[in-house]
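A quick write-up on the structure given underneath.
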Amino acid sequence: MLNDITLGQYYPGNSPVHRMDPRCKLLLTVAYIVGVFLIGNLPGYLLALAFLWLVVRVSGIRFSYLLRGLKPLRFILVFTFILNVAFTQGQTVLFAVGFFRLTREALENAIYFSLRLVFLVMGTSVLTLTTSPVQLTDALEHLMHPLARFGFPAHELAMMMTIALRFIPTLLEEADKIQKAQMARGADFESGNLMARARAMIPLLVPLFVSSFRRANDLAMAMEARCYRGGEHRTRLRELRYTRLDFYALLCMIAFFVLIIAEGMLLG
Amino acid sequence: MPIAVEGVSYVYMAGSPYETKALDNVNLTIEDGEFVALIGHTGSGKSTLVQHLNGLLSPTSGRVLVDGQDLAQKGTDKRAVRFRVGLVFQYPENQLFEETVEKDIAFGPKNLGLAQEEISRRVKDAMRRVALSYDELSQRSVFELSGGQMRRVAIAGVLAMEPKVLVLDEPCAGLDPHGREEILGLIRRLHAESGTTIVMVSHSMDDVANLAERVIVMDHGTVAMDGTPREVFSRGDRLREMGLDVPQAVELAEALRARGIPVPQGAYLPGEVARAILAFAGKGEEPC
Chain A
-14 MLNDITLGQY YPGNSPVHRM DPRCKLLLTV AYIVGVFLIG NLPGYLLALA FLWLVVRVSG
46 IRFSYLLRGL KPLRFILVFT FILNVAFTQG QTVLFAVGFF RLTREALENA IYFSLRLVFL
106 VMGTSVLTLT TSPVQLTDAL EHLMHPLARF GFPAHELAMM MTIALRFIPT LLEEADKIQK
166 AQMARGADFE SGNLMARARA MIPLLVPLFV SSFRRANDLA MAMEARCYRG GEHRTRLREL
226 RYTRLDFYAL LCMIAFFVLI IAEGMLLG
Chain B
48 MPIAVEGVSY VYMAGSPYET KALDNVNLTI EDGEFVALIG HTGSGKSTLV QHLNGLLSPT
108 SGRVLVDGQD LAQKGTDKRA VRFRVGLVFQ YPENQLFEET VEKDIAFGPK NLGLAQEEIS
168 RRVKDAMRRV ALSYDELSQR SVFELSGGQM RRVAIAGVLA MEPKVLVLDE PCAGLDPHGR
228 EEILGLIRRL HAESGTTIVM VSHSMDDVAN LAERVIVMDH GTVAMDGTPR EVFSRGDRLR
288 EMGLDVPQAV ELAEALRARG IPVPQGAYLP GEVARAILAF AGKGEEPC
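Residue numbers (the working numbering), protein chains in the order written: chain A, -14 to 253; chain B, 48 to 335.
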């Protein structure tokens, strides 16, 4: 039932993008998003698309798989577009019907904002599709580590995130199983008005909560049984190491920035 | 109310890197009043098959007919089918949610839209069948009960719909020997008294040997064997190839035969093997 969500789903592989250091990937993704927000004209977005396409090609993920991840976003996209068209003040009127004036600026704004959203989602999808959740939280922990000096619980946060991510598929599976078990007893999740549907969720949610608490309890016990006591002096199984791959990726990103800035100065 | 499975294949997560074929062209018919055991290695497709029997899963190809009615067809009321084919999932106590035992068992009959008196009659009847005292337990919270009791409440919740076919996915998993005996006893009684068709997934070959009239062996999403327990358990080598076991009596019979003691081929019940041993000992030969 929840199989459509591409965002946050790891797509196993062994491409250069998969093998990159997750810290580098994370920072470069942030850089890419900043880049996308710097762009202010259509040729610039073509560059952003070309760059993304290149990365996806190298990673071995099908581009259509990435596009599928946009499907849950279609309403937000349409909404953003309409809001921007309606509320941007502009000078150049393209056409007017009664109160409504479509201006060139409004249309441009709407298109750019929607494109930014699309690239934002696709860019981060590339990150989460090529990086396993464990790697991702490892990277976050490393990047947040300097803050630990000011009492920021970097390790604990990363651990919480690891656990949360680890249990998403487990809970989805559990929810699916309970839902089926209740359907086998004639529960109806699909028809009725909003109230009836909300009430129909009770037989699903109560068992799900009960089992989550039990799981949390078991996990805490298991961690304690293995003497877990937070981040202090903890060594790790997989040390993160920057490689030549990350250097090349950085060069690619710099090239991308040079291109969009040059393009912006020439055409913007 | 026969169930016919015709050329059913099922693929999980088609089109993603996690795609797996769980069922591959499965054909079988379950007749009225049968007691069928479904065995197979973990991941052989048993649980997937079981969920096709009441339309919780729809086949990727092929079709499932309950009483001649195609479950995947548009006009079929799947809920109506689910009341006639009761399905008890693995660890069914995980699905309990109501405040009291009575309310939880009444969930199914309530969804059937029955009258209040009929619902309470069915709750009482279902509790009697699973040997839980109505007076003592019906108003207790389900979360106060022991593991075995919770399991029986969950089974009662399905029995209260009075299905013609009862499908149980490993009903004894995780229970102690005493709890197992109780659950198996109530399944046996249900089959004997009400003639309910039983389909039971099990990992215990001894339970299967003791209860089932027919054994279906699944392997890699296909039906590898389908026959009486005698037929199936006489092919111990083939079962072991599929990562399965044979009942202890069969194992004993094989070991005895290897030492030259004549045990009839196909013996799979403890009594049969015991008789063979007695007959041999009676001849006055020195036992090895």
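All C-beta atoms, glycine included, are put in the ideal place defined by N, C-alpha and C.
What does DSSP give as the partner residues of residue i in its beta bridges?
i: D114 (chain B); result: Paired residue(s): none; D114 (chain B) is not in a bridge.
i: K68 (chain B); result: B:V58
i: L87 (chain A); result: A:F80
i: E53 (chain B); result: B:R110
i: A84 (chain B); result: B:M247, B:V262
i: G133 (chain B); result: B:L213
i: L75 (chain B); result: B:V52
Can you tell which of the options has the C-alpha that lies nearest to the C-alpha of residue i?
i: P7 (chain A); options: A:V78, A:C212, A:R219, A:E126; result: A:E126
i: I24 (chain A); options: A:L87, A:L102, A:H3; result: A:L102
i: G249 (chain A); options: A:Y30, A:L11, A:C9; result: A:Y30
i: I96 (chain A); options: A:T116, A:Y50, A:A201, A:A71; result: A:A71
i: G216 (chain A); options: A:A143, A:G75, A:M107, A:A205; result: A:A143
i: F98 (chain A); options: A:N26, A:E159, A:I153; result: A:N26
i: R151 (chain A); options: A:L121, A:N(-1), A:E175, A:F85; result: A:L121
i: A302 (chain B); options: B:Q196, B:I324, B:A173; result: B:I324
i: F144 (chain B); options: A:D203, A:A172, A:L251; result: A:A172
i: I18 (chain A); options: A:M146, A:L252, A:F241, A:M206; result: A:F241
i: I166 (chain B); options: B:I152, B:A178, B:V177, B:L179; result: B:I152
i: A51 (chain B); options: B:P317, B:E66, B:V97; result: B:V97
i: R227 (chain B); options: B:G122, B:V113, B:D253; result: B:D253
i: H36 (chain B); options: B:R282, B:A220, B:T275, B:A321; result: Here chain B covers residues 48 to 335 and nothing more, so residue 36 (chain B) does not appear.
i: Q142 (chain B); options: A:H218, A:Q167, A:L235; result: A:Q167
i: N74 (chain B); options: B:M48, B:L112, B:I86; result: B:L112
i: V205 (chain B); options: B:I86, B:E319, B:K121, B:N101; result: B:N101
i: P311 (chain B); options: B:F280, B:R285, B:R287; result: B:F280
i: K171 (chain B); options: B:H225, B:P276, B:G195, B:A207; result: B:A207
i: G283 (chain B); options: B:E149, B:V297, B:T275; result: B:V297
i: Y(-4) (chain A); options: A:G45, A:E158, A:L87, A:F22; result: A:G45
i: S49 (chain A); options: A:V111, A:P188, A:R211; result: A:V111
Output the boundary residues of the alpha helix (DSSP H) element that contains residue i.
i: V205 (chain B); result: 194 to 206
i: G155 (chain B); result: 148 to 158
i: K165 (chain A); result: 139 to 169
i: H3 (chain A); result: 1 to 4
i: Y256 (chain A); result: This structure leaves residue 256 (chain A) out entirely; chain A is present only between -14 and 253.
i: P192 (chain A); result: 187 to 210
i: V104 (chain B); result: Sequence check: residue 104 (chain B) is Leu here, not Val. Looking at the DSSP string, L104 (chain B) is not in any alpha helix (DSSP H), and its letter there is neither H nor E.
i: T95 (chain B); result: 93 to 99
i: Y(-4) (chain A); result: Premise fails: Y(-4) (chain A) is in no alpha helix (DSSP H) and is neither H nor E.
i: E191 (chain B); result: Note, E191 (chain B): premise wrong, no alpha helix (DSSP H); not H, not E.
i: D172 (chain B); result: 163 to 176
i: P329 (chain B); result: Per the sequence shown, residue 329 (chain B) should be read as Gly rather than Pro. That run of the alpha helix (DSSP H) goes 317 to 329.
i: P118 (chain A); result: 118 to 129
i: Y181 (chain B); result: 181 to 184
Under a CB-based cut-off of 7 Å, is residue i close to chain E?
i: G155 (chain B); result: As a matter of chain content, chain E is missing from the structure shown, whose protein chains are A and B.
Q. Does the region 303 to 311 of chain B come within contact of the region 287 to 294 of chain B, defined as at least 3 CB pairs closer than 8 Å?
A. Output reads no: the region 287 to 294 of chain B does not touch the region 303 to 311 of chain B.
Q) Can you list the alpha helix (DSSP H) stretches of 4 or more residues lying completely in the region 239 to 305 of chain B, in chain order? A) 252 to 258, 276 to 280, 283 to 288, 295 to 305, all fully within the region 239 to 305 of chain B.
Q | Sequence ranges, beta strand (DSSP E) only - wholly within the region 14 to 85 of chain A, length at least 3 | A | Secondary structure in the region 14 to 85 of chain A: the beta strand (DSSP E) runs of 3 residues or longer, each lying completely within the stretch, are 78 to 82 in chain order.
Q: Please determine if the region 260 to 277 of chain B and the region 90 to 110 of chain B are in contact, where contact requires at least 3 C-beta pairs separated by less than 8 Å.
A: Contact annotation: the region 260 to 277 of chain B touches the region 90 to 110 of chain B, with at least three C-beta pairs closer than 8 Å.
Q: Say whether the region 200 to 216 of chain B touches the region 130 to 142 of chain B, bearing in mind that this needs 3 or more beta-carbon pairs closer than 8 Å, one atom from each stretch.
A: These segments touch.
Q.
With three or more C-beta pairs closer than 8 Å as the rule, is the region 55 to 73 of chain B touching the region 106 to 123 of chain B?
A. A contact exists between the region 106 to 123 of chain B and the region 55 to 73 of chain B.
Q.
With a threshold of 8 Å, are at least 3 pairs of Cβ atoms found where one atom belongs to the region 220 to 236 of chain A and the other to the region 73 to 83 of chain B?
A. The region 220 to 236 of chain A vs the region 73 to 83 of chain B: no contact.
(Q) Would the region 230 to 238 of chain A count as touching the region 1 to 19 of chain A if we require 3 or more Cβ pairs under 8 Å? (A) Touching, yes.
Q) Is there contact between the region 153 to 167 of chain A and the region 188 to 197 of chain A, where contact requires at least three CB pairs shorter than 8 Å? A) Flag = yes, the region 153 to 167 of chain A and the region 188 to 197 of chain A touch.
Q. With a cut-off of 8 Å, do at least 3 Cβ pairs link the region 53 to 70 of chain A to the region 134 to 143 of chain A?
A. By the criterion of at least three beta-carbon pairs nearer than 8 Å, the region 53 to 70 of chain A is not in contact with the region 134 to 143 of chain A.
Q. Do three or more CB pairs link the region 237 to 251 of chain B to the region 157 to 165 of chain B at distances below 8 Å?
A. Here the region 237 to 251 of chain B does not lie against the region 157 to 165 of chain B, with fewer than 3 beta-carbon pairs under 8 Å apart.
Q.
For the structure I just gave you, are there three or more beta carbon pairs, one from the region 104 to 122 of chain A and one from the region 30 to 41 of chain A, closer than 8 Å?
A. Here the region 104 to 122 of chain A lies against the region 30 to 41 of chain A, with 3 or more beta-carbon pairs under 8 Å apart.
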